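Below is one structure, written out as C-alpha cells; the observations come after it.
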Amino acid sequence: DVLVLAGVFAILGYFLNWKVDSLFVTAALTVIGFSVHDTIIIFDRIRENLRLRGGRVEFGELVNESINETFARSINTSMTVIITLTALLILGGAVIRPLNAALLIGIVSGTYSSIFNAAQLVVDWERIFGKKGGKASVTPERSTTPKPADKPAPIKPATATDTGARTFTAPPLTPPPSPVSVADRPAQADVPSPPGPARGPALPVAPARRKRRM
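Numbering (my numbering), first residue to last: 7 to 220.
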C-alpha cells in the first residue's frame with residue numbers, strides 16, 4: 007500500500023508540484039494502520055471459520071466464504087472514510103490538500119489489498135507450505151456426542167477340564183424356621199412365686215435428743 011501511495015504521489019507531484027514532507031509521512035503511517043486493521047478483521051473471520059469447519063472444506067473455499075462474510079463491513083468502513091476525505095479534498099484548503107489526497111489514495115489501495123491481495127497470499131502460502139496440501143490445517147472440533155458402548159464379550163463358564171479348574175459342591179440350603187405365633191405356643195401353668203422371709207413387728211424409734219447450747 008505504501009508503494010502504491012508513493013508511486014501515485016510521485017506522479018501527482020510531478021504535475022501538481024507536490025513535495026514529500028512530514029504530512030506525507032503522516033498519511034503513509036495512517037494508511038499502514040488502516041490497512042492492517044482491515045486485514046485483521048478478515049483474518050480473524052478466517053480463524054473463526056477454521057475452528058468451526060477446519061479440515062472438512064478446502065482452505066481456498068473457506069477463505070472465500072470468510073471474505074464474503076466481512077465484505078460488507080470492510081466496504082462500509084472504507085466508504086465512510088473515502089466520502090469524508092473526498093469532501094475535504096474538494097472543500098478544504100490548499101495546505102491540507104496533499105494530505106487528503108495521500109490518505110484517499112492509500113485507503114482505496116489498502117481496502118483493495120486487504121480483500122484481494124492479502125487473502126490470496128494466505129491461500130498460496132497454505133498451498134505451498136501447508137501440511138495437508140490445500141486442506142485447512144486446523145483440525146475440526148471433536149464431537150461431544152458419546153459413542154455407543156461396545157457390548158461386553160460373553161464370559162465362558164469354567165469347566166473341570168480347564169487347567170487349574172476345581173469343582174466345588176455347595177452345601178444344601180436349609181429353609182429358615184417358620185415363626186411361631188403366640189397362639190400356637192403351649193400354655194404354661196402359673197407358678198407361684200416363693201415366699202419371702204418373715205418379718206417381725208416394727209420396733210418403736212426413740213426421739214432424737216437436742217443438744218443444749220452453752
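Backbone N, C-alpha and C fix where the C-beta goes; we use that ideal spot for every residue, glycine too. Treat the numbers as computed from the prediction; the structure is a model and nothing was measured.
- Here residue 54 is not bridged, per DSSP, to any residue.
- Comparing C-alpha distances from residue 54 to each of 68, 41, 45 shows the shortest one belongs to 68.
- Residue 52 and residue 79 have their alpha carbons spaced roughly 15 angstroms apart.
- Per DSSP, the unbroken alpha helix (DSSP H) holding residue 134 starts and ends at 124-135.
- By the Cβ test, the region 127-136 is not in contact with the region 31-46, since fewer than three Cβ pairs between them sit closer than 8 angstroms.
- Residue 99 sits in coil when the DSSP states are folded into three classes, being neither helix nor strand.
- Around the CB of residue 72, 16 or more other CB atoms lie within 10 Å, so the residue is classed as buried.
- Rounded to the nearest angstrom, the gap between the Cα atoms of residue 92 and residue 62 is 45 angstroms.
- Here DSSP, grouped into helix, strand and coil, assigns residue 27 to coil.
- Residue 7 sits in coil when the DSSP states are folded into three classes, being neither helix nor strand.
- With a 10 Å radius around the Cβ and a threshold of 16 neighbouring Cβ atoms, residue 106 comes out buried.
- Between residue 119 and residue 7, the CB-CB gap stays under 9 angstroms.
- Between residue 84 and residue 114, the CB-CB gap stays under 9 angstroms.
- Residue burial annotation: residue 86 is exposed, with fewer than 16 other C-beta atoms found within 10 angstroms of its C-beta.
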